[in-house]
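Just so we're aligned, residue 350 is where the sequence shown starts under our numbering, counting upward by one. Built from N, CA and C at the ideal position, the CB exists for glycine as well.
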Amino acid sequence: MKPADLDYAEATIAAIATPPGPGAIGVIKISGNLAEKILKRLFKPLKPLKEFQSHRLYYGFIKDPRTGELVDEVLVTLMRKPRSYTREDVAEIYGHSGYLVLTKILELVLREGARLAEPGEFTKRAFLNGRIDLSQAEALLDLINARSEEALRLALNQLRGALAEKILALKEALLSALAVVEVAIDFPEEDVELLSHYDLARELEENVLMPLNKLLATYQRGRLYREGIAVVIAGRPNVGKSSLLNALLLEERAIVTPIPGTTRDVIEEFANIKGLPIKLIDTAGLRETEDLVEGIGVKRAREKIAEAEIVIFMVDGSQEPSEEDFRLYEEIKERPHLVAVNKIDIAGEETLNLWKKAFPHERLVFISAKEGEGIEALAEQIFLLVTGGRSKEIPQVAPNLRQKMALEKAREALERAVANLKKPTVYPELVAVDLREALSSLGEITGEATTEDLLDRIFSNFCLGK
Ligand SMILES: Nc1nc2c(ncn2[C@@H]2O[C@H](COP(=O)(O)OP(=O)(O)OP(=O)(O)O)[C@@H](O)[C@H]2O)c(=O)[nH]1
Ligand SMILES: [Mg+2]
């Protein structure tokens, strides 16, 4: 663990903010009280410069102040607090992105008094200094990791404070209820008049519980768009699993041959299916085998099937259904699944009818992975299965897992408060305890009440330099 002393938290931090490897530019970020001093020591402007003006770009060179050695030709900028990402003085050096060059500049910066930033530490400071709340910090992470347009939109909304706003509204409604209850505590002799508990219960239900439940209901959708969902393609060897993977990805990702047992490893690739980030998993064909390598592949395939959220069970529609097909189907039929009857381009009508009889349900899709036939219908079926057939409407905001758990805690406390208010005899003290608990749970979402542990957990997911 890192030291928790004040010096550590107040130190000037620095990191390379761009991904490693050659590129047009590479950025070094410095944040903290020493930022300006360090910049002055290392940066030699082309034109003489008395003082940096905030938020201006300057052209010049980075030189090692000890040896005078030239390190890079750069642009630099200084953003004085509080108008910066962290609300501290922030300096940025835009150099040529070569691994060695950037490392050299960073070393100089560290030698002049900064320490290496931890992953997410710049953003953590932005949070600690009150520029963003915790839900916005998490939105930044979502923004960086977004794999679909919708995930991006959700992240942007949250970054702009859409979730924080909703939480604030809930908290205000809670606070005004709490005020009424507290009056009842302070002036018990004033009797029921001040606190018409039944009305208060109704108000809480309408103004807090209902919107809170609405917000909770968007969790699943949000998770879908943020994290996507794993879909495994499984079936006997040679039925066309890898061909389907390629068809859905629109590229020749997996090897396809007429030889049964071609795929032995697990192949995972993200595809965008109707806006959903879907992790497609192609697996080895399921069969008994003497081959050691293939055997391992089959074992892994079974593991993937067990983990997957959705299974596409694939069969060869050009052949009649066999015992083996039914036996394998038994393995997966309890999972959310689709049955894809493949190779309809070469399948006879009678054989296809046999398949229709074998799996008489709405999850049956007829396709030709090779010719691209029925792939759109299959994508539609996947979408329906994933979204549970609910509307295609995407929510404006959606809590993540951490936020959902806090919302649920708030809901429990609220439900207790409402139940107590509806009893014939009301003990305002009890109600107040629950309302305060609900308030503090909501506060966890925006980060008014946090622990070092929680912050570590959130910010360590960031990349270095963010
Ligand atoms: N006619 C026709 N042939 C197909 C179709 N889909 C796949 N094939 C052929 O079937 C053979 C096997 O295809 P693959 O995609 O490798 O099958 P697989 O299920 O991944 O096979 P394994 O990796 O061995 O388990 C290849 O020769 C493909 O060209 C289809 O829709 N129609
Ligand atoms: Mg294959």
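One alpha carbon belongs to E437, the other to S380, and they sit about 6 Å apart.
In this structure, the straight-line span from the alpha carbon of K399 to that of D802 is close to 44 Å.
In the DSSP annotation of this structure, the continuous segment of the beta strand (DSSP E) that includes I379 starts and ends at G372 to S380. For H710, no beta strand (DSSP E) run applies, since DSSP gives it neither H nor E. Only buried fits E470, as 16 or more other CB atoms lie within 10 angstroms of its CB. Around the beta-carbon of Q745, fewer than 16 other beta-carbon atoms lie within 10 Å, marking it exposed. Here DSSP, grouped into helix, strand and coil, assigns L629 to strand. Short note on T700: C-beta not closer than 8 Å to any heavy atom of ligand 1.
Burial state of G577 is buried, judged by a 10 Å Cβ sphere holding 16 or more other Cβ atoms. A366 is a Cβ neighbour of V376, given a cutoff of 9 Å. Residue pairing by DSSP puts R464 in a beta bridge opposite I362. Relative to ligand 1, D413 has its C-beta separated by 8 Å or more from all heavy atoms.
Proximity of the beta carbon of L593 to ligand 1 is indicated: a heavy atom of the ligand is located closer than 8 Å. Straight-line measurement puts the Cα of G571 at about 11 Å from the Cα of L564.
Here K430 has R436, E437 and D438 as same chain residues with Cβ atoms under 6 Å from its own Cβ, once five neighbours each way along the sequence are excluded. For A726, the distance from the CB to the nearest heavy atom of ligand 1 is not below 8 Å.
Inclusion of A603 in the 8 Å shell around ligand 2 follows from its C-beta lying nearer than that to a non-hydrogen atom of the ligand. Per the coordinates, the alpha-carbon of A633 lies some 47 Å from the alpha-carbon of P560. Between the segment 503 to 515 and the segment 470 to 489 there are three or more C-beta pairs closer than 8 Å, enough to call the two in contact. If you check the C-beta of G723 against ligand 2, you find no heavy atom less than 8 Å away. Residue pairing by DSSP puts Y408 in a beta bridge opposite L424. In this structure, P609 sits away from R649, with a CB-CB distance that is not shorter than 9 Å. When only Cα atoms are considered, Y678 and A603 end up about 24 Å apart.
The Cβ atoms of V420 and K386 lie no closer than 9 Å to each other. In the three-state scheme derived from DSSP, where H, G and I count as helix and E and B as strand, A603 is classed as coil. Per DSSP, reduced to three states, the secondary structure at L750 is helical. For S671, the shortest separation between its Cβ and any heavy atom of ligand 1 does not lie below 8 Å. Boundaries of the alpha helix (DSSP H) around P560: M559 to A566. As DSSP reads the structure, A579 sits in a beta bridge with K628. For D631, the shortest C-beta to heavy atom distance toward ligand 2 is below 8 Å.
Y357 carries a helical assignment under DSSP once its states are collapsed to helix, strand and coil. Here DSSP, grouped into helix, strand and coil, assigns G444 to strand. R760 and A768 have their C-alpha atoms some 12 Å from each other. Across the structure, D640 and V647 are spaced so that their CA atoms are roughly 10 Å apart.
Here the alpha carbon of V688 sits roughly 6 Å from the alpha carbon of M663. Within the segment 679 to 708, the runs of beta strand (DSSP E) that reach at least 3 residues and sit entirely inside it are, in chain order, 686 to 691.
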